[in-house]
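Here the working numbering is used: the sequence shown runs in plain steps of one and ends on residue 388. Just so you know, even glycine gets a beta-carbon here, dropped at the ideal spot from N, CA and C.
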Amino acid sequence: MAQERGAGAQGHAALRMARSRSVDPPAGRRRGTRAPREARPRRAMTPEALGALVRGICAAAGVDPAQTESLADNLVWNDLAGRRNHGVERLPILIERAAKGLIACPCPAQVTRIAPAAARIDGANGFGQHLGRLGMDEAIALARGAGVGAVGVRDSNFYGTGAYFVNLAAEAGMIGLALSNAFPKVAAAGGHRPVLGTNPLAFGAPAPGGALLVDMSTAALAGSTLRAHVREGTPLPEGLAVDERGTPVTDPVAAAKATLLPAAGVKGFGLALLVEVLAGVLTGAGIGAGVGSLYRDFDRGGDSGHFFLAVDIGRWMDADAFAARMEDLRAQLEASGPDGAVRLPGAARWQTMAASRRDGLALAPATEAGLRDLATRYGVAWPG
Numbered sequence: 005m006a007q008e009r010g011a012g013a014q015g016h017a018a019l020r021m022a023r024s025r026s027v028d029p030p031a032g033r034r035r036g037t038r039a040p041r042e043a044r045p046r047r048a049m050t051p052e053a054l055g056a057l058v059r060g061i062c063a064a065a066g067v068d069p070a071q072t073e074s075l076a077d078n079l080v081w082n083d084l085a086g087r088r089n090h091g092v093e094r095l096p097i098l099i100e101r102a103a104k105g106l107i108a109c110p111c112p113a114q115v116t117r118i119a120p121a122a123a124r125i126d127g128a129n130g131f132g133q134h135l136g137r138l139g140m141d142e143a144i145a146l147a148r149g150a151g152v153g154a155v156g157v158r159d160s161n162f163y164g165t166g167a168y169f170v171n172l173a174a175e176a177g178m179i180g181l182a183l184s185n186a187f188p189k190v191a192a193a194g195g196h197r198p199v200l201g202t203n204p205l206a207f208g209a210p211a212p213g214g215a216l217l218v219d220m221s222t223a224a225l226a227g228s229t230l231r232a233h234v235r236e237g238t239p240l241p242e243g244l245a246v247d248e249r250g251t252p253v254t255d256p257v258a259a260a261k262a263t264l265l266p267a268a269g270v271k272g273f274g275l276a277l278l279v280e281v282l283a284g285v286l287t288g289a290g291i292g293a294g295v296g297s298l299y300r301d302f303d304r305g306g307d308s309g310h311f312f313l314a315v316d317i318g319r320w321m322d323a324d325a326f327a328a329r330m331e332d333l334r335a336q337l338e339a340s341g342p343d344g345a346v347r348l349p350g351a352a353r354w355q356t357m358a359a360s361r362r363d364g365l366a367l368a369p370a371t372e373a374g375l376r377d378l379a380t381r382y383g384v385a386w387p388g
């Protein structure tokens, strides 16, 4: 069993001072309004500078060092990979929830190994990005000893993208799986009321040229994609959301208050249940209505659950043999369509990441405004 220790009295004081202050939600969340389309991004920032800014804000806001590091690495990685809606734009709401005592700082998470290849983590209501890192790191450590490692996390919060965590497994020469349940927003197959979350699942594996990365919502529309529609005022296609009578909803603001449908009907519903059972029921985390919303529930923590699996490829075959077989798979897939039409999932992310490292990260105006507000509030210098 392991226990984490974090920031002391100074960190707690910073959080208490901020609890009476409100951080504005992202554009598009104000009742009865439609956000304008965002303008062209501004001057680019290096990932190192952006990471330093996030670390500075977190430290000044009273977030303990371990969780600060996990947050910075996770959020900046998502921006680098082009997953901007899971990057630093989330920092204001995360800091707000911590300031209100809805996310624990420090986080006394406890890791208990319950079998040679299995562990349970009591997340103690810490940041999901941090607990997700603990979970996958533990799964990798277990797999090194037993060939496979399975870890369940309970009492956690929104953890961002599963791709970040399965990439950790791929970097360690392993196949990774990451599941997380979420607050109710999605109907069961045939239903009209929200009973399950968007319940994303992700898996990844080492591959020549960059890891295979699959990260998907089990709903017809990811929650982050819905937020982007709200922010930009773009309508949804029919068949993604319904009202309480089952009538299709295409207006993005109305859809944000409506119910999403499961992806591909009963198939997506089945996958959502897989996630709910492994990440929610089995771990002891909240299930269904027991999971809180990051943006709506300010009277409780998230109590979400995660499930991580790591498979050590070296126990099955030589790493070079696996790489050759993955290359064969990639070639067959790409040959199945016109030039460039079929690509291994994750390929676009690695191209985006290379360009982001080369050219820097240009923050969207709303994202930059949110970070500047935090920097001013906590006395953190903006990168020059």
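Residue i and residue j closer than 8 Å at C-beta
i    : j    : result
A128 : C111 : yes
G151 : D316 : yes
F162 : S74  : no
P198 : T251 : no
G296 : G305 : yes
P241 : D255 : no
L70  : H134 : For the sequence presented, residue 70 should be read as Ala rather than Leu. A contact, by the Cβ cut-off of 8 Å.
I3   : A314 : A question about residue 3 goes unanswered here, because the residues of the chain that appear run from 5 up to 388.
L216 : V279 : no
A276 : L181 : no
A224 : G243 : yes
A309 : A335 : In the sequence on display, residue 309 carries Gly and not Ala. No; because the gap between Cβ atoms is not below 8 Å, this pair is not in contact.
L205 : G166 : yes
N203 : T229 : no
N78  : G156 : no
Where the beta strand (DSSP E) containing residue i begins and where it ends
i    : result
F311 : 308-316
I107 : That residue, I107, is in no beta strand (DSSP E); it is neither H nor E in DSSP.
F207 : 205-209
Helix, strand or coil at residue i according to DSSP, with G and I counted as helix
i    : result
G350 : coil
F169 : helix
V67  : coil
M140 : helix
M178 : strand
G269 : coil
P51  : helix
T263 : strand
D159 : strand
R381 : helix
V257 : helix
G153 : strand
S184 : strand
A359 : helix
V289 : Per the sequence presented here, residue 289 reads as Ala, with Val not at that position. If DSSP states are grouped into helix, strand and coil, A289 belongs with coil.
A223 : strand
A76  : helix
R376 : helix
R396 : Because the chain is modelled from 5 through 388, residue 396 falls outside the range shown and cannot be assessed.
N129 : coil
A85  : coil
L240 : coil
Straight-line Cα distance separating residue j from residue i
i    : j    : result
A174 : P210 : 5 Å
A352 : D332 : 19 Å
A385 : V58  : 11 Å
Y299 : G214 : 34 Å
G396 : V270 : The structure shown has nothing for residue 396, since the chain only spans 5 to 388.
A65  : A103 : 8 Å
D377 : I118 : 44 Å
P96  : G374 : 6 Å
P51  : V80  : 7 Å
G153 : H233 : 38 Å
T371 : L286 : 36 Å
A109 : A328 : A small correction: the amino acid at residue 109 is Cys; Ala does not occupy that position in the sequence shown. One C-alpha to the other measures close to 45 Å.
G177 : P212 : 12 Å
F169 : M140 : 6 Å
D363 : V346 : 26 Å
R33  : R235 : Residue placement at R33 is poorly supported in this model, since its pLDDT is 38, which falls under 50; the coordinates still yield a value, given next. Those two C-alpha atoms are separated by around 8 Å.
R101 : A267 : 30 Å
L337 : L348 : 7 Å
P120 : E142 : 12 Å
L84  : S340 : 29 Å
I179 : L172 : 9 Å
G290 : V281 : 11 Å
Heavy atom of the ligand MN within 7 Å of residue i beta-carbon
i    : result
R347 : By its list of ligands, the structure shown contains no ligand whatsoever, and the ligand MN lies outside what it can speak to.
Residue(s) in a DSSP beta bridge with residue i
i    : result
P198 : A191
V218 : F207
P387 : Note: P387 sits in no beta bridge, so no partner.
T116 : R124
P252 : V246
P366 : In the sequence as displayed, the identity of residue 366 is Ala instead of Pro. For A366, which the question treats as bridged, DSSP gives the partners A48.
Span of the alpha helix (DSSP H), counted from its first residue to its last, around residue i
i    : result
A327 : 323-338
A232 : 227-236
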